[in-house]
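The structure under discussion appears below in the form of structure tokens.
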Amino acid sequence: MLKREMDELLYDFSHHDLDPQVQQAIKERYALLFNIYKRFASKKECLKYTPHKNLFMLNKKL
3 MLKREMDELL YDFSHHDLDP QVQQAIKERY ALLFNIYKRF ASKKECLKYT
53 PHKNLFMLNK KL
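The numbering of the sequence shown is my numbering, which starts it at 3 and goes up by one.
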């Protein structure tokens, strides 16, 4: 269930027309869910969902 929610947040974040406040809320929710997920998931599973520094920079315009 957590994996599905994190996948959906990543999908939602990929939309380029999000307000900065919505983007920030998605980042915060993802971080919270990931911290819960890593308490009981294996290291291998956690690697798939580890938020990288540039993870949320994908849709930023240079």
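In this text, a Cβ means the ideal position worked out from N, Cα and C, and glycines have one as well.
From a predicted model like this one, the values you see are computed outputs, not experimental measurements.
Integer Cβ distance of residue i from residue j, believed to fall under 8 Å
i: Tyr39; j: Leu4; result: 5 Å
Among the options, the one whose alpha carbon lies nearest that of residue i
i: His54; options: Arg6, Leu12 and Leu20; result: Leu12
Short Cβ contact (8 Å threshold) for residue i with residue j
i: Met8; j: Phe36; result: yes
i: Ile28; j: Asp19; result: no
>> At 4 residues or longer, what runs of the alpha helix (DSSP H) sit wholly inside the segment 3 to 53?
In response: 4 to 15, 22 to 39 and 45 to 51
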